[in-house]
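**Q**
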Amino acid sequence: ILNIINQILSSIDYQINEEISNDQKIITISIDRFKSTIKFIIPNINNLIDILDSCKISDFVLFALSSIEEVDPIYGEQIIRSVEAQGISTNFAILPDIVENFPKKNLQLDIYKSLLSYYKHFFPNVEKLFLIENKNDSLNLLRNLCQKIPKGINWRDSRGYLLADELNFDDNSGTLLIDGIVR
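Residue numbers for the sequence shown follow our numbering, so the first one is 69 and each next one is one higher.
1) Distance, Cα to Cα, ASP118 vs SER150?
2) Can you tell me whether ALA161 is buried or exposed, with buried defined as 16 or more other CB within 10 angstroms of its CB?
3) Using a beta-carbon distance below 8 angstroms, is GLU145 in contact with chain D?
4) Taking the straight line between their C-alpha atoms, what separation do you get for ILE99 and PHE108?
5) Closest to ILE136 by C-alpha separation, out of ASP165, HIS189 and PHE102, would be which residue?
6) Specify the secondary structure class of SER98 as computed by DSSP and reduced to three states.
7) Roughly how many angstroms lie between the CA atoms of PRO218 and ASN159, to the nearest whole one?
8) Once you ignore the five residues that flank PHE237 on each side, which residues in its own chain have a CB closer than 7 angstroms to its CB?
Encoded structure:
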């Protein structure tokens, strides 16, 4: 996952060098070029509830599709169908490894068309897949993430929620201190 984030950020010559531990799930990055701050929320990909909770609070959801490995017909499709059923804001599909695995352009195009068709089966309004190995596509994706207004979700827009950045417990007073963003 960190490699995919680094590929997206490579278009602005930014690199994350730290390792992500199990409890570090939010990476905050300030993007001066677009005058924005992005929070990448990284769920535990082995936990469906964690994935659904992450998608629930996200303005944009990125689905990374592999060019060499098919989507698992049980768990992979379960994730896509569950996220779709829960309601999803604006989503993007990315291909992080198509150029690396298929250097020939005509083969890349065939794989691209196949994956786009597969993805459109679940999300018919998607226009394209982003090839994030290409610096221009990566920059376009980053521009969309920074400047596009996300599509609303009716049930989410009528309820407040909190994205916690930091939790602290004060033993003396028994108070839980939460630092984050309330929407």
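Quick reminder that beta carbons are idealized off the backbone N, C-alpha and C, glycines included.
**A** In this structure, then:
1) Answer to the nearest angstrom: the Cα atoms are 12 angstroms apart.
2) buried
3) Any reference to chain D falls outside this structure, which holds one protein chain only.
4) Cα to Cα, the separation comes out at about 13 angstroms.
5) ASP165
6) The answer is strand: DSSP assigns SER98 an E or B state.
7) 9 angstroms
8) LEU244
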